[in-house]
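Trainee:
Protein chains: 2
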Amino acid sequence: MCKKIAIILFLALNYFSLFSQENKVIPAPKELSFNSSRFIVNNDFSVVVKAPATSRVYDAATRMLSRLKGRTSMFISQYKVFNDYPDPAMQIAVEKPGKNVLYEDESYRLTIDAKKIELKAVTDLGAIHGIETLLQLLQNDDNSYYFPGCTIQDSPRFPWRGLLIDVGRHFMPVDLIKHNIDGMVAVKMNVLHLHLTEDQGFRIESKAFPKLHQLGSEGQFFTQEQIKDIIAYADARGIRVIPEFDMPGHTSSWFVGYPELASGNGNYSLEDKFGILLPTMNPAKESTYQFLDTFLREMTALFPDEYFHIGGDENNGKEWDANPSIQEFKALNNLADNQALQAYFNKRILDILTKYGKKMMGWDDIMLPQLPKNIVIQSWRKDGLVASAKNGFPVVLSKGYYIDLAQPAEFHYKVDPLPDSIALSDEQKKLILGGEATMWSEIVTEETIDSRLWPRTGAIAERLWSPASCKNVTSMYKRLDRLGIQLEELGLTHEKNGDMILRRLTGGSDIGPLKTFVDVLEPIKFYHRVSTKEVRYTTHSPFSRVVDAAKPDAKVARDFNTLVDTFMKSNNNSKMAGELKGYLKRWANNHQFLELTIHENPSLREIESLSSDLAEISRLGIQALVFLKTNRHSKDGWRQNSLGQIKQAAKSRGQVEIAVIKGIRQLVENVKQ
Amino acid sequence: MCKKIAIILFLALNYFSLFSQENKVIPAPKELSFNSSRFIVNNDFSVVVKAPATSRVYDAATRMLSRLKGRTSMFISQYKVFNDYPDPAMQIAVEKPGKNVLYEDESYRLTIDAKKIELKAVTDLGAIHGIETLLQLLQNDDNSYYFPGCTIQDSPRFPWRGLLIDVGRHFMPVDLIKHNIDGMVAVKMNVLHLHLTEDQGFRIESKAFPKLHQLGSEGQFFTQEQIKDIIAYADARGIRVIPEFDMPGHTSSWFVGYPELASGNGNYSLEDKFGILLPTMNPAKESTYQFLDTFLREMTALFPDEYFHIGGDENNGKEWDANPSIQEFKALNNLADNQALQAYFNKRILDILTKYGKKMMGWDDIMLPQLPKNIVIQSWRKDGLVASAKNGFPVVLSKGYYIDLAQPAEFHYKVDPLPDSIALSDEQKKLILGGEATMWSEIVTEETIDSRLWPRTGAIAERLWSPASCKNVTSMYKRLDRLGIQLEELGLTHEKNGDMILRRLTGGSDIGPLKTFVDVLEPIKFYHRVSTKEVRYTTHSPFSRVVDAAKPDAKVARDFNTLVDTFMKSNNNSKMAGELKGYLKRWANNHQFLELTIHENPSLREIESLSSDLAEISRLGIQALVFLKTNRHSKDGWRQNSLGQIKQAAKSRGQVEIAVIKGIRQLVENVKQ
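Chains as they are written, first to last, in the working numbering: chain A, 2 to 674; chain B, 2 to 674.
1) Looking at the secondary structure, which residues open and close the beta strand (DSSP E) in which Glu658 (chain B) lies?
2) Taking the beta strand (DSSP E) that Thr439 (chain A) belongs to, which residues open and close that run?
3) Where does Lys383 (chain B) sit, in a helix, a strand or coil, going by DSSP?
4) Report the residues of the region 591-604 of chain A with a CB closer than 8 Å to any CB of chain B, ordered along the chain.
5) Out of B:Lys630, B:Lys430 and B:Glu245, point me to the one whose CA is closest to Thr301 (chain B)'s CA.
6) Roughly how many angstroms separate the alpha carbons of Ile662 (chain A) and Phe594 (chain B), rounded to a whole number?
7) Quick one, are the C-beta atoms of Ala578 (chain B) and Glu523 (chain B) less than 9 Å apart?
8) How would you call Lys512 (chain A), buried or exposed, if buried means at least 16 neighbouring beta carbons within 10 angstroms?
9) Between Arg464 (chain B) and Val416 (chain B), which are expected to be in contact by the criterion C-beta below 8 Å, what is the C-beta distance as a whole number of angstroms?
10) Do you know how far the Cα of Phe518 (chain B) is from the Cα of Asn591 (chain B)?
11) Using the rule of at least 16 other Cβ atoms within 10 Å of the residue's Cβ for burial, across every protein chain shown, is Tyr104 (chain B) buried or exposed?
12) For a contact meaning CB atoms closer than 8 Å, what does Lys552 (chain A) contact in chain B?
13) If we call anything under 9 Å between Cβ atoms a contact, is Met361 (chain B) one with Leu165 (chain B)?
14) Report the three-state DSSP secondary structure of Asn283 (chain B) (helix, strand or coil).
15) Which of the three DSSP states is assigned to Met190 (chain A) in this structure?
16) Would you check whether the ligand MN has a heavy atom nearer than 8 Å to the C-beta of Ile512 (chain B)?
17) Taking the runs of the beta strand (DSSP E) that are 3 residues or longer, which of them lie wholly in the region 111-173 of chain B?
18) Beta-carbon of Lys497 (chain B) versus every beta-carbon of chain A: anything under 9 Å?
19) Which runs of the beta strand (DSSP E) spanning at least 3 residues fall entirely within the region 39-91 of chain B, listed in chain order?
20) Answer yes or no: do Val1 (chain B) and Gln667 (chain B) have a C-beta to C-beta separation smaller than 9 Å?
21) Since I believe Lys51 (chain B) is in contact with Ala94 (chain B) (beta carbons under 8 Å), could you give me their beta-carbon distance rounded to a whole number of angstroms?
22) Among B:Ala128, B:Glu437 and B:Ser207, which residue has its Cα nearest to the Cα of Thr224 (chain B)?
23) DSSP beta-bridge partners for Ile205 (chain B)?
24) Assign His500 (chain B) to one of two classes, buried (16 or more other C-beta atoms within 10 Å of its C-beta) or exposed (fewer than that).
25) Specify the secondary structure class of Leu398 (chain A) as computed by DSSP and reduced to three states.
26) Just to check my reading of the structure: Gly393 (chain A) and Met368 (chain A) have Cβ atoms closer than 8 Å, yes? What is that Cβ distance to the nearest angstrom?
27) Any residues in the region 500-513 of chain A with a beta carbon nearer than 8 Å to a beta carbon of chain B? Which ones, in chain order?
28) Taking the beta carbon of Lys179 (chain A) as the centre, do at least 16 other beta carbons fall within 10 Å, making it buried, or is it exposed?
29) For a test of the three-state rule: what should DSSP assign to Tyr259 (chain A), helix, strand or coil?
30) What are the complete alpha helix (DSSP H) segments, minimum 4 residues, inside the region 420-503 of chain A?
31) Is the distance from the Cβ of Lys307 (chain B) to the Cβ of Gly363 (chain B) below 9 Å?
32) Using the Cβ count rule (16 or more neighbours within 10 Å means buried), how would you classify Leu597 (chain B)?
33) Residues in the same chain with beta-carbon distance under 6 Å from Glu119 (chain B), minus the five sequence neighbours each way, listed in chain order, please.
34) What distance in whole Å lies between the Cβ atoms of Glu107 (chain B) and Leu126 (chain B), which are believed to be in contact at a cut-off of 8 Å?
35) Do Gln201 (chain A) and Glu272 (chain A) have their beta-carbon atoms positioned less than 9 Å apart in this structure?
36) Taking Cβ-Cβ distances shorter than 9 Å, what residues in chain A pair up with Arg546 (chain B)?
Written out as structure tokens, the structure reads:
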């Protein structure tokens, strides 16, 4: 009897351990259940793509084998993709080629057992998602790489899951865009929004009006061939490309070559400063619309997507107010104010876009109830989403997804386009198409942009793909960290460029102490970095400082702060105390080494006192651990003094801040007085 | 009197320290003298380019400011390049735009004092070289970045300083080529040789014969637009681009689409294996020359350089021997052997190229005394250089510059195209145009190629640019290491991709122990890596193993081995002994940590015993240090046993070898018995 129970218990435990597989996939699939089998990967891994074997699936399978090979270092051939093959490792079957449009079926079903892997999807777009899921499932034990047995049924919560890349303020080259497309595919995003024109640069070749890119870009623009190449690359991966030509504001770069488009007089030059600037198109001249008709005819032909973004944000109207003929035009046309004038302008643009077969999209600044309801609104302002839906407009959320602002991924993760509490009818809720992460580029270059985007955008991708109930932040970060490593195989530089910047800063001497320090720093958040009197950034400022190497969501700091939290709930767990002490000792000792590096490199001077402060407060943390361990009361004033020092250390310098302040403060605060 | 002497002594010492500036520039300039002044860099750094301000100089100055900004993190603007400006930091004056051709004047003169920087050159090509020299001179003290006062007069020893990149066996994308062009500029190379076609891939779009790239490349080829882009990019930087279309051998990829060109019958398919393969063009059919005429008309129009490379190497003649009609053709035309037949083929190609205004270039396999003397020979075989020059051919050396073979940079550095001992007349010596590093791509991918090329190609660049007397290996390595850091700012991935591969291998867990290990490893050298029975490489093998992360010229190992050398000459210097012990302890302890990582990752299993061997012999090294310190004799058999263990450890595993064997062996060998 006892033995029987023991066996049952053994089986039950085993069952538990076998089936207690954690989900490693990000975005989390809709339905996922593991079984006890494993599909073990060997060198002969082959794939059969059943008819209709579209080139999307065929190529995606080839790329998958290539990545599998890279991760395992096994002699797998990426050319083992066939229409027919005996006993393949994997079978992919799609019903039809997908249309790369809004609302296309993106679902897939993936089943894995010891004998085979089966991927089924309605369209090849779904199959691409299934392949990414499979790659994220790859695991290993001591001896082999394997896929855990499971059944996954998956489809997205929202049909519009986008990433905006601003190539206007700082240009980004083709290869970088392609690597980011691959990153998007890895997290099942499906819309690349290219913000192509800005005050600081006009980033696309126009054959109709060549002075746009010739005089408006300092030579940094996409040729039309390159744009076609990007679109083809994206399409092969199930990503739509939506261009944005921001107007009537944010248009300085247009006016360098074509000042006649502007509302003001005089010479326009390329802006190197950021913000809401004066130059604005003249909506009162018929020639403006003639120009835009020709220009948009050219651009709508270039971009195949149904949607076309005209920006429309941040027009401060000052150039309009200052121009008598525009005032006259307003009066003549009964346009009460600048908002009405912009609505008129938008209507004219809408007519042009409609003529060329496009649906219009714009920022929520343009949302006026009287506009036609097939315009898609992108909401970046408070209440813009709800207001748009209430007015009957399809809407895409970006407020809360400003990934450039170096806020924690957790912050973005908690922003839901459609929270339970939303005050919309069921009909109105259907208008919420999804969201877009926005990567504005005031303070990034091609060296640093990936480190702001990845893996963090994965958190937004999960919010837009996975069920609303998927909310565990700890799990999200764990999967995000894992994703971060995997994304490197796509050519993304989020991880590797950090050390490169440190090597440059130390001029080649050992980066060890600097790295230890930078690992617990984060760039200051929100708009504090750009809107500061300390530094006046322009397009040609250096972005090669410590703050540019520091990463949002600093992992080491996150791990430390979490450990403090757990430790505090643990009743003085001595193993955890030891771990915490290990961290703190390292930081307490680091400054003596880093100081030498700082004194060899003037560019590091700006973080000298911060490094010294980290050492100081780490010593306080160690003292706190001693007090906590012995349950002793601190000496008179120790806690108050310590908290004062911590407050001092919390002040940013060189636009970075110490990200372990929280954990150290928590230790100190818990010491009895 | 005494005081006077003291003052003089003080001044003399000061003088010495001020002027004892080391040369940091690679390739070393022809004439360089430092003075005691410093030009201190500030945020207002500006450049005046005097008329004729060619776009080459203007853009190079802009890029220079950008790099200066990146290195210093100072708020320097790259747009401060003017035709006229009051009191500029730097003045650049060139006499005329350079022609991007062989023998163009590349000299420059650079003078720096506390007030200004002056760069003068006959052509803008020379000015570009001067700018790179200036950037390498950048230094700093505690407080500021500065250029040391100096006068430099510089010009190249050889006019042909090339780098061959084989994009045939593994394709390399446009951006990678561009980064490498920038790397070449940094070390004053001036010829990019693109090896565009191979058995494994036809890597350029042909509009005349589209099946060449469509069926011969697996979709990995340069479009003609991209080639034009590369050529323009290179031209703006003073780099000539020479295409190679290897024929009649190495042509499998041509025959997939056009089997009628081949000497054999049957279906040709893209090769994935390497070596000297059978497929060879049919030189006996007139249609072959008709095809080549059309094809070469297209390609010669695309590449503006005067020279055009037709390969010509490694034709084993077997397909010719097996084809009766070719035998018949030989008999009919009195062609005694296959060499004569290939000479006939070459003569026909030469006629076509001449018609299209090109000079022919080929590997030394094609060198026959009866060929016209304006053909440039590229020598890759023993004695090819001398034989070519003796026969009156201009010649470029590549033997000894096979940078893909992972030999030490020192090896290449010691290969001089024109050593004192060369048995040539003065007239013949003039035929030696220079050399080309060759980066064949059997066992590299776009992830790893840079780590084989850089900074090591700098050693070859110095051999080709600097005076023959410049031979100090220690100085070369010191400058090469510094260059390695600087080259990262150009987008080259030689440094950063190593850690990326390690992260992938450990699946995201700490790479520390693995990195400590890989830092003392080198890939096995010469052809041992490819020609092995252990691994049969193909184009689709994985190149993501430890061996792919390991670097030739492993710096840590080099430093250790050098330190052992110095220590041995030092009479047991205790500081050095301490340093050596530090290294050895780290390696002795590393295996216990690395073992955990290895057991978590099957892909690391292949280096497990090597890691354990490193620990073992490091302990022997520590013991040796103790013996040496106390001047004691070792126990019976200790030395012999130890040397046996070291011999065992010296055996490569996973195609890597421990690069500190030499130093450890030296320690053990010096212990008294």
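Each residue gets a CB set at the ideal place from its N, CA and C atoms; glycine is no exception.
All values derive from a computational prediction rather than experimental measurement.
Mentor: Reading from the atomic positions:
1) Val657 to Ile659
2) Ile433 to Met440
3) coil
4) His600, Glu601, Asn602, Pro603 and Ser604
5) B:Glu245
6) 31 Å
7) no
8) Note that residue 512 (chain A) is Ile in the sequence shown here, rather than Lys. It counts as buried.
9) 7 Å
10) 7 Å
11) exposed
12) Residues of chain B passing the Cβ test: none, with the nearest at roughly 15 Å.
13) no
14) coil
15) coil
16) The ligand MN is not among the ligands present in this structure, which contains no ligands whatsoever.
17) 118-124, 146-155 and 161-167
18) yes
19) 48-50
20) Past the edges of chain B, shown from 2 to 674, lies residue 1 (chain B), and the structure says nothing about it.
21) 4 Å
22) B:Ser207
23) B:Phe223
24) According to the sequence as given, residue 500 (chain B) is Asp; it is not His. With 16 or more Cβ atoms within 10 Å of its Cβ, Asp500 (chain B) is classed as buried.
25) strand
26) No, Gly393 (chain A) and Met368 (chain A) are not in contact; Cβ-Cβ is about 10 Å, not under 8 Å.
27) Asp500, Met501, Arg504, Arg505, Leu506, Gly508 and Gly509
28) buried
29) coil
30) 427-430, 450-454, 458-466 and 474-488
31) Inspection of the sequence shows that residue 307 (chain B) is occupied by Glu rather than by Lys. Not in contact: Glu307 (chain B) and Gly363 (chain B) (Cβ atoms no closer than 9 Å).
32) exposed
33) Gln92 and Thr112
34) 5 Å
35) yes
36) Ser74
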